[in-house]
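So the protein sequences, as listed, match chains U and H.
Numbering-wise (the numbering used here), the first sequence opens with residue 48 and increments by one.
Numbering-wise (the numbering used here), the second sequence opens with residue 48 and increments by one.
2 protein chains.
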Amino acid sequence: MRSTMMDVPLTLPYVLERVQRYFPHGTVTSLLAAGMDAEGRPIPAKHRYTYADMARRAKQLANALVEAGVRPGDRVATIATNSYRHLEAYFAIPCVGAVLHTVNIRLHPEQIVYIVNHAGDKVLLIDNVLARLLPAILPHCPTLEKVVIMGPVPQQIPGALDYDTWISGQPDTFTYPEIDERAAAGMCYTSGTTGNPKGVVYSHRSIVLHNLGMTHPSGFMIAEGDTVLPVVPMFHVMAWGMPWAVPMVGANSVFASVFSDGPNLARLLAEEKVTVTAGVPTIWMGLLAEIERAREAGEPYDLSGLRELVVGGSAAPEALIRAFDRHGLRIVHAWGMTETSPFGTVSRLPAGVPHDSDEGYRVRAKQGRVPPLVDVRVIDDENRDVPSDGRSMGRLVIRGNWISGGYYGDETASRNSLVELRGPFGTEQWFDTGDIATIDEAGYISIQDRAKDLVKSGGEWISSVDLENALMGHPAVAQAAVIAVPHPKWDERPLAVVVLREGAQATPEDLRAHLEPRFARWWLPDAYEFVESIPIGSTGKFMKRELRDRFRDYRLESADSPA
Amino acid sequence: MRSTMMDVPLTLPYVLERVQRYFPHGTVTSLLAAGMDAEGRPIPAKHRYTYADMARRAKQLANALVEAGVRPGDRVATIATNSYRHLEAYFAIPCVGAVLHTVNIRLHPEQIVYIVNHAGDKVLLIDNVLARLLPAILPHCPTLEKVVIMGPVPQQIPGALDYDTWISGQPDTFTYPEIDERAAAGMCYTSGTTGNPKGVVYSHRSIVLHNLGMTHPSGFMIAEGDTVLPVVPMFHVMAWGMPWAVPMVGANSVFASVFSDGPNLARLLAEEKVTVTAGVPTIWMGLLAEIERAREAGEPYDLSGLRELVVGGSAAPEALIRAFDRHGLRIVHAWGMTETSPFGTVSRLPAGVPHDSDEGYRVRAKQGRVPPLVDVRVIDDENRDVPSDGRSMGRLVIRGNWISGGYYGDETASRNSLVELRGPFGTEQWFDTGDIATIDEAGYISIQDRAKDLVKSGGEWISSVDLENALMGHPAVAQAAVIAVPHPKWDERPLAVVVLREGAQATPEDLRAHLEPRFARWWLPDAYEFVESIPIGSTGKFMKRELRDRFRDYRLESADSPA
């Protein structure tokens, strides 16, 4: 029996119409690079307009795309930082029925060429500050019919159009094509550590539902009156979907382009009275340093309106959470990945638990719980649920309306990413995140490690992430990565690779003494290597594969006399 | 091009699984009738259990329904007040793929018979306190195969089963059938003022999306930690969808069954530390009287945790809003109808507007704005949008994912309920609400009247609702209804029908003087009739049709000497 409900599709054009109609006065503020200073660093300049302006220009862009021959299903690439022009593209491209393909600017040009060709992109919109990448890309990307540069460039680039000029003659109204809610709206390639990047394709339906989840009280609770600065980039996992979700509820948007350093961020957060911001831990480390510098210099920033700093991408060490608490600023843990749109979990405190209590810190260190429309399970090698005791580790699998069930044009990878599990709905496919996690009785997950980064010692698992977070809580330690090195008796044992803070000193014995009260004896690293720096990848995470390569032949003393 | 997203349906079984898994300790508190006192009034007794209990019993009920031969698409009726057993039915019936048909207990038995037959209900679950209705219904409802009584009865009723006994032997796990998200999950008949009741059928998809909208910051912002008491009945418009939405986010549920009087509600709100409650204006009038009585008696209720009293069904007079403000309690306006699931709009204040400022009261008197996934337009007789000036009146039409596009098995009524409008999506069908409204520049609608209740004077419209609200702001007035009476020159003129407060006095001249500063002269009622009471219908609204019948031949003095 059918319902009498209207059959309205869940598509982005309805979001754009909502923004234009109900929130015309909402603002979009962008820091943009306006030339370079004497040392070759970009100089920030502020641009501000309203959602009414954004919608009109997005519709001009939509008309320009159609005139350029872009048809439903065509892919349009962006190589761009966070800015109002990129926001226009976020709306215009899906609204003509095409697919917004955001290219990670931190990839090697060879990888960029690979994914532009794999996606078969027809048009490329590229930031002026990134136009230097073009010579390495264009000759190898035959599907690209048109290149448009967002923002002024010192001199014209042959064969490339200027974005503002291109859209300026177009009408600012647009009649949308009919769009199936399950049609592709956006795509993003994951830069896996092995093999070629794999494409995840979001649908209109998944994005609209994700918008609702992100802004829901079970998510980040964003409403009109909020001002949101996603430091997370629009070129990676769609800036957590915030470019769509934030305007949908009428909150203001703030973008920082290339200015994600502590001083620029701190100033922007204060000036724009940002209420919610989102980024990876390294961003917040930079911000923290600047906040502490400014306070010591007697010129503190007024960040009293900042309600939450959401952290994702990697786990935030408890030390970082506590450091922000001392400044009256609240770090909130979230977890997700490209394949989860990315909102998977967020760690909101249960009612009545103070954020700075022991229980509060215990919960806040976790990645949290799923919102409605998403579910997780933690399973063992036989695909059975591990006990919900907050201790038993297992593979984290996830299922839901904005979770990927495969990869674009890659059947093998798609098949390998799924696990078939039985439950109250019969047999269902779940996405295997590649993360190792625990889950507690209340459903809070705690990511222990990437499956491939686990240290497997004597048949037992040791979480490299737990050890790293504890090490980074030592006052002398700036960064720490724990990797597995081969061991004749235990198969693998942990090695800690440590970067000390400038001017600070610590011995392996100091660090061992710091860890000892916190872990079982057999978890403690067998050795400590002090290095100048730890390689960090395009998404802000430690490149453990490089470390493992570097220390592949590392000879543990314990290898001769096992612990 | 398709996305790589999983194709997970939006269905209620996923909501039930979420509740059971993540919120097992959430509580359901029900006031139930435990016998009668000496004067024949029901005595309240409190029942409390957890969502874990609820889910287990819902699954027992699901198994019992399947064993009774209920198949996907079959209709199962409930004639019941708000309680935990009814909540179990809310989940179990859709979760076996059947359709929950909630019957309005305030309908005349003949109408109940009509809709049970029209829906073709197979099983009936009926409250013990309502079992007296059975003799008038059962003989005329041949499709009913089974009758189950929820709650104990003094003596067994022939042919009827006891609910608790019926489900007790069943397993408390259940494997769900495959359910299309567009399949029917619930149905509710509107008791129109003319013709037979018309059925609105909700889908799993519309209910799940409505759940998200209700609990969203653009809606009623309900989260874990909240405790919600929907006074709005589960037998009418699905208690605003709260029985599903509240558990989905982990908030606690409180139900009051037949105890919607001021003293019982006030006690329940205080004892259960309710944070959000929802009801029609007459309910809040009763609550206000009790709160004021208790305060004057020096035994005030502690309602400090009560964040919002949502009012819908009819407009709340500004006087009522201000009266609650004086007790530190916040009335929030919402608007909707059976055909809109019912969440259509809610009047949240724009950022920075104090609730007790002039601007605040102006906004709070409106019905507010649409949440995501819903849109409204206000149109004139040529189907053109009226100006968004907050003054121009027009027909309110609505469209969205939880808006009905017709009526069950009634093609004529379906066709008549829709209007075809052009817009950026081409031509679309909108539901004509039958309400007359204004819309302002920020998109806030203000319901002026039911189209059929408007007073059409000399070709211009006069809003009966505005006049009524102003009249009810007069200290001597308890209730006021304004209706059109025939007039030889102006076609219609307003007549005010007034109930004075006990012991209070007012003359027509007093009331006219009260209205004069607020309205154009030609809006003022031509006459005032003082009556003992105004008939109120099954949904708590004034029965204006009865008033119009009563005053059909009313002879206005002005008919002889037009104003």
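All C-beta atoms in this analysis are idealised placements derived from N, C-alpha and C, irrespective of residue type, glycine included.
Remember, it's a predicted structure, so these values are computed and weren't measured experimentally.
Enclosing alpha helix (DSSP H) for residue i [first to last residue]
{"i": "His635(U)", "result": "The requested residue 635(U) does not occur in the structure, where chain U is confined to residues 48 to 610."}
{"i": "Asp405(H)", "result": "Asp405 to Arg411"}
{"i": "Ser504(H)", "result": "First-last for Ser504(H): Val502 to Ser504, but that is the beta strand (DSSP E), not the alpha helix (DSSP H)."}
{"i": "Ala366(H)", "result": "Glu365 to Arg373"}
{"i": "Thr459(H)", "result": "Glu458 to Ser464"}
Assigned secondary structure, residue i (DSSP; H/G/I helix, E/B strand, else coil)
{"i": "Trp382(H)", "result": "strand"}
{"i": "Trp287(U)", "result": "helix"}
{"i": "Tyr491(H)", "result": "coil"}
{"i": "Met295(U)", "result": "helix"}
{"i": "Gln552(H)", "result": "coil"}
{"i": "Lys536(H)", "result": "coil"}
{"i": "Met234(U)", "result": "strand"}
{"i": "Met52(H)", "result": "strand"}
{"i": "His72(H)", "result": "coil"}
{"i": "Ser300(H)", "result": "strand"}
{"i": "Gln107(U)", "result": "helix"}
{"i": "Ile581(U)", "result": "coil"}
{"i": "Asp219(U)", "result": "coil"}
{"i": "His187(U)", "result": "helix"}
{"i": "Ala610(H)", "result": "Note that Ala610(H) has pLDDT 45, beneath the 50 cutoff, so the model's placement of it is unreliable and no number is given."}
{"i": "His148(H)", "result": "strand"}
{"i": "Ser307(H)", "result": "coil"}
{"i": "Ser451(H)", "result": "strand"}
{"i": "Ala525(U)", "result": "strand"}
{"i": "Pro182(U)", "result": "helix"}
{"i": "Pro141(U)", "result": "helix"}
8 Å Cβ shell around residue i - same chain, five flanking residues per side excluded
{"i": "Val578(U)", "result": "Val544, Val545 and Val546"}
{"i": "Thr97(U)", "result": "Pro71, His72, Gly73, Thr74 and Val75"}
{"i": "Gly415(U)", "result": "His380, Ala381, Trp382, Thr392, Val393, Ser394, Arg395, Tyr491 and Ile492"}
{"i": "Ile90(H)", "result": "Ala80, Ala81, Gly82, Met83 and Asp84"}
Unbroken beta strand (DSSP E) run spanning residue i, endpoints
{"i": "His165(U)", "result": "Element bounds for His165(U): not the beta strand (DSSP E) but the alpha helix (DSSP H), Pro156 to Ala166."}
{"i": "Gly120(H)", "result": "No beta strand (DSSP E) holds Gly120(H); DSSP gives it neither H nor E."}
{"i": "Tyr96(U)", "result": "Pro89 to Thr97"}
{"i": "Ala325(H)", "result": "Val323 to Gly326"}
{"i": "Arg595(H)", "result": "Element bounds for Arg595(H): not the beta strand (DSSP E) but the alpha helix (DSSP H), Lys591 to Arg597."}
{"i": "Ala484(H)", "result": "Gly473 to Ile486"}
For residue j and residue i, believed in contact at Cβ under 8 Å, the rounded distance
{"i": "Thr485(H)", "j": "Gly520(H)", "result": "Rounded, the Cβ-Cβ distance is 20 Å, inconsistent with contact."}
{"i": "Ser510(U)", "j": "Ile530(U)", "result": "No, Ser510(U) and Ile530(U) are not in contact; Cβ-Cβ is about 12 Å, not under 8 Å."}
{"i": "Val18(H)", "j": "Thr262(H)", "result": "An answer regarding residue 18(H) cannot be provided, because it is not within the stretch 48 to 610 covered by chain H."}
{"i": "Ile445(H)", "j": "Thr387(H)", "result": "6 Å"}
{"i": "Leu62(U)", "j": "Val255(U)", "result": "It is worth fixing the name first, because residue 62(U) is Val in this sequence and not Leu. Correct: roughly 7 Å between the Cβ atoms."}
{"i": "Asp168(U)", "j": "Thr190(U)", "result": "6 Å"}
Contacts around residue i, its chain only, beta-carbon distance under 6 Å, and the 5 residues preceding and following it disregarded
{"i": "Ala574(H)", "result": "Leu542 and Leu603"}
{"i": "Ala610(H)", "result": "With a pLDDT of only 45 at Ala610(H), under the threshold of 50, the placement of this residue in the model should not be trusted; the figure read from the coordinates follows. The answer is none, since no qualifying residue turns up."}
{"i": "Gly352(U)", "result": "Lys320 and Thr322"}
Close beta carbons around residue i, own chain, < 7 Å, minus the five adjacent residues each side
{"i": "Tyr601(U)", "result": "Val532 and Leu542"}
{"i": "Pro199(H)", "result": "Asn175"}
{"i": "Gly407(U)", "result": "Leu396, Val400 and Pro401"}
{"i": "Arg599(U)", "result": "none"}
Neighbouring residues, chain C, relative to residue i (Cβ below 7 Å)
{"i": "Arg229(U)", "result": "You won't find chain C in this structure, because its protein chains are U and H."}
Checklist entry - At a Cβ cut of 8 Å, what residues of the stretch 134-151 of chain U count as close to chain H, listed as they run along the chain? => result Val146
Checklist entry - In the stretch 351-382 of chain H, which residues sit with their C-beta less than 8 Å from some C-beta in chain U, listed in chain order? => result none
Checklist entry - Using Cβ-Cβ distances below 7 Å, what residues of the stretch 444-474 of chain U are close to chain H? => result Arg446, Gly447, Asn448, Trp449, Ile450, Ser451, Gly452, Gly453, Tyr454, Tyr455, Pro471, Phe472 and Gly473
Checklist entry - When Cβ atoms are compared, which residues of the stretch 484-505 of chain U fall closer than 8 Å to chain H? => result Ala489 and Gly490
Checklist entry - Listed in chain order, which residues of the stretch 193-223 of chain H have Cβ atoms closer than 9 Å to some Cβ of chain U? => result Thr220, Phe221, Thr222 and Tyr223
Checklist entry - Of the residues that make up the stretch 302-328 of chain U, which ones have a beta carbon closer than 8 Å to any beta carbon in chain H? => result none
Next on the checklist: Give me the subset of the stretch 49-70 of chain U whose CB atoms are less than 8 Å from a CB atom of chain H, sorted by chain position.
Outcome noted: Arg49, Ser50, Thr51, Met52, Met53, Asp54, Val55, Leu57, Pro60, Tyr61, Val62, Glu64, Arg65, Arg68 and Tyr69
Next on the checklist: Give me the subset of the stretch 266-278 of chain U whose CB atoms are less than 8 Å from a CB atom of chain H, sorted by chain position.
Outcome noted: Met268, Ile269, Ala270, Glu271 and Gly272
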